[in-house]
Every structure is written in structure tokens, then in C-alpha cells.
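If you number the sequence shown the way our numbering does, the last residue is 408 and the count never jumps.
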Amino acid sequence: MHSAFPTSLRVLAATLTAGFLAVAAPAAATAATPAPAQAQPCADRAAPPPPVDTSEKPAPGEPSPAPLPVPAEPVGGNRMGGCGLVLPEGALNPPDGDTAASWLVQDLDTGDVIAAKDPHARERPASLIKTLLALVVTTELKPDQIVVPTKEDAEQECTCVGIVAGGHYTVDQLLHGLLMHSGNDVAHAFATALGGVDVTTTKMNLLAKRIGATDTRAATPSGLDGPGMSTSAYDLSLIFHYAMKQQEFAQAVATKAYTIPAIGGKPPIPVYNDNKLLGVYPGFLGGKTGFTDDARHTYVGAAQRDGHRLAVVMMRAEQRPTKVVDQAAKLLDYGFALQEDHAAPVGRIAYEALVATAPPAPPANVAAAGTGSAATPAKNDPFGTTGWILTLVVFVVIVAGFVIGYQRKKQARD
């Protein structure tokens, strides 16, 4: 008995079926592919190194806070979980003289991570946490709102701006003192205005969580060491990235000299920016410095060159053999050189969720993507896996109908 279906039609059906399966298979395989296994934990992945003094000792009767959970996958891309240097493929090593335990250079416009060193190692922020406090301030307080410091505010452990109890200061004036001269007295005054120290640190930590800073927990508003204080070069890069989008913040850190005017018989207060690269490094946009005995030197600074804005964060650095600001300048130079060479990014500053006034967060796959150099969004098939499967089913039904019809016609002829 001869076949009821000619060879040419069988070949055509097989070829078309194979083609549809080949197209549909990659989408299905992508959906089923498990996430890459996480690398082995790095040093200081869960918590900063042990303190050198008693500044983090909990109050009597209170336990020490447990370390923050470590995400199953590194925020910002797989390579952000690396220990040591995280550089573009084929890139030269950073310049000599770097003393930071961890650092990160990012593109402030695109969010690309240009290069890094142990970016998610947990360290202490020192006064860099004031960038997070400033974000809470600019969110909740109006620039012209009046703040009247208390005696406790004015008598904080310095560095201090010199505000006086009972003085009347605007939020904008105090913000300059907070960010330019790292005033701990100003930080405490803001905390008082926001509802108290505990309320303010809670607000800071909620904001950190909302924008995806998973390594960050503020223990004090000022950055003075306290129980459970934690952050990372990646998190501070994320916080600074967002802060530089806020006009009040960006203007304050870019100001070299400022005077809080005499108010109510109180003398004027001159304020000078602690960031020594301002006015020295070409295109410098501002930043923040920090230091405690436990945190050592911390630093964030940004600069613009040829239409690109880069920022560097350094954690647990030392002033020898060269000053930290000079080390930061070299890392900025290094980042600009990599960008000029069109080096592929090694990760991405990705917001998990932003405050209501900010743009929507990128899709989750932006934050978790990146097996090699850049953590870029996955390319999605617009037709979708389901669409291809349904199309294949319809195709098979049509072919089957054609076969049955052909068989009936042949039997009628026979």
C-alpha cells in the first residue's frame, strides 16, 4: 500500500515543525535557565571588621544588632559580588597608591559601574551617611523652613559648624553646613526637627531599603559609629547617584564657601567646603568626606569631563602614602580613561524602588543581570514563549487537517 501522504509534503511538514521548535525553544530555555550560582563569600561580606574602640557597644540591656541579610544575588550584577578588583576585560590595573579596602567608580548619567574593588564589602560610612540624611531632609523639610537648635544639638561631638542653641536657621542654610563642613551639630539639629534621633535613623534606613541599598544601616544620623552601622561602596554610590539628582543637594556639595548670616543677634557663620578637590580637580562637581577611628577615611566625589559625569566612592582608606583626595583623583582619571577607551561596564547602579517623586525603577532583571561585563537588561522576545507554542499547536492542527483531507480524497479516487 502506498503512503497516503506524499514524500514532499512530509518533508515540508517536518521542516516547518523543526523551524517552529527551533524558534520557540530559546525562549522556553531562557525561562527555565537557573540563575548562576553565587560566588564564595568575600571577607566582610556580612559585617564590617571588628571595631577598634567601644563606640559600637550597645546601650545597657540592649543586644548588638544582627548583621543585615546578604542578598542571594549581588545587587547591580553578578560581577558586583566579586572580591578584589572588578575591571573590564583587558583593562590595565588602577594606578598605584590606592589604600581603600573597597571602592567604586560609576557613570552618574547612565548608572554604569566603570570599575570597582570589592564593591559590596560592608564597611562603616562615617560622615558619608550624611548623604542619606540629606535625602530625608530634602524629602520632608522645605528649604525655607526654620529650624531652632536645642542645647543638645549645639553640643554634639565635633566636627561642628557652630550653630547655637535658640538660633533660627533655614533648612537650606543648615544643609550647606551639613554637606560642606560635615557638621555633627547640624545633623543632630535635623534629627531633632525630624522627630528625634531614633525616628530619623529609622527614616534613613527605610529610605535606604526603598532604593535598594541592602548593605546600609544607619546607627546615627551623623555617621559617628554606633551599633550595627553598615554600608558599602556600592550602596554609597547608589545613594550618591540619587542624591545628585536633587537640586538642593547638588548645589550644596558644589559650593566652595558659604556664610550662614547673622540672625537674631547671633554672629554669621562662615562655612568652607572640606572637599579639597573642589576648585582644584578640573570639572569637579562636589562630594563628601568622612572619618572615624573605626571607619577610617571615607570619600565620595564627582567630576565632569567631555560631557560625562563620573563619581568615585572610597571606603576604609588611609591618608598615606598619599592623601585620600589625591587617590580619589587618580581613580577618577582612571575611570575617564576607561570610558574614553569604550570599556564595557562591569555592573550597574540599579534602583530596586524609588521614592514617589522619583522615576520608576528599572525592571528587576537590570539589577540582577550581567554575567560578564555589563549588567544590561535581558532582550525579551516580543512574541513570547506562549505565543510561539500556540502558533506551533495551530500549525500542527492545520497540517493534520490537510493530511486527513488528502487521505479522504485519495480513498475516493481509489
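Glycine residues also receive a C-beta, built at the ideal position from the N, C-alpha and C atoms.
Provide the residue span of the beta strand (DSSP E) that contains residue i, from first to last.
i, result
"residue 100", "96 to 101"
"residue 279", "278 to 286"
"residue 292", "290 to 299"
"residue 257", "Careful: residue 257 lies outside any beta strand (DSSP E) and carries neither H nor E."
"residue 266", "263 to 266"
"residue 111", "106 to 111"
Ends of the alpha helix (DSSP H) at residue i?
i, result
"residue 328", "318 to 334"
"residue 309", "That residue, residue 309, is in no alpha helix (DSSP H); its beta strand (DSSP E) goes 302 to 311."
"residue 182", "178 to 187"
In angstroms with no decimal places, state the Cα-to-Cα distance between residue i and residue j.
i, j, result
"residue 87", "residue 42", "26 Å"
"residue 335", "residue 215", "40 Å"
"residue 302", "residue 52", "44 Å"
"residue 156", "residue 182", "12 Å"
"residue 351", "residue 344", "In this predicted model, residue 351 has a pLDDT of only 41, less than 50, meaning its place in the structure is not dependable; the value taken from the coordinates is given anyway. If I take the Cα positions, the gap works out to 17 Å."
"residue 143", "residue 298", "37 Å"
"residue 125", "residue 115", "19 Å"
"residue 276", "residue 294", "16 Å"
"residue 29", "residue 74", "At residue 29, the pLDDT of 38 sits below 50, so the modelled position is not reliable and the matter cannot be decided from this model."
"residue 285", "residue 311", "9 Å"
"residue 78", "residue 46", "24 Å"
"residue 65", "residue 208", "8 Å"
"residue 193", "residue 152", "22 Å"
"residue 82", "residue 95", "19 Å"
"residue 300", "residue 103", "13 Å"
Going by DSSP in three states, residue i sits in which element: helix, strand or coil?
i, result
"residue 345", "coil"
"residue 237", "helix"
"residue 231", "helix"
"residue 129", "helix"
"residue 170", "helix"
"residue 242", "helix"
"residue 192", "helix"
"residue 73", "helix"
"residue 411", "Residue 411 lies beyond the residue range present for the chain, which begins at -5 and ends at 408; the question has no answer from this structure."
"residue 204", "helix"
"residue 120", "helix"
"residue 274", "coil"
"residue 247", "helix"
"residue 340", "coil"
"residue 80", "strand"
Here's a check: name, in chain order, each residue in its chain whose Cβ is nearer than 6 Å to the Cβ of residue i, leaving out the five neighbours to either side.
i, result
"residue 246", "169, 170 and 173"
"residue 262", "253, 255 and 256"
"residue 184", "131"
Note down, in chain order, each residue of its chain lying with its Cβ closer than 7 Å to the Cβ of residue i, except the 5 sequence neighbours on either side.
i, result
"residue 132", "240, 242 and 243"
"residue 145", "159"
"residue 249", "170, 174 and 267"
"residue 154", "177, 178 and 179"
"residue 323", "271 and 275"
"residue 162", "140, 142, 257 and 258"
Is residue i near the ligand FMN, going by C-beta to nearest heavy atom under 7 Å?
i, result
"residue 292", "In the structure shown, the ligand FMN is absent, as is every other ligand, since no ligand is present at all."
Ignore the nearest five residues each way along the sequence and tell me which others in residue i's own chain have a CB closer than 8 Å to its CB.
i, result
"residue 211", "59, 62, 199, 202, 222, 223, 224 and 225"
"residue 105", "235, 342, 343 and 344"
Spell out whether any CB of chain B is found under 8 Å from the CB atom of residue i.
i, result
"residue 220", "Of the protein chains in this structure there is only one, and it is not chain B."
Can you list, in chain order, the stretches of the alpha helix (DSSP H) that have 4 or more residues and sit fully within the region 131 to 157? Segments of the alpha helix (DSSP H) lying fully in the region 131 to 157: 145 to 148.
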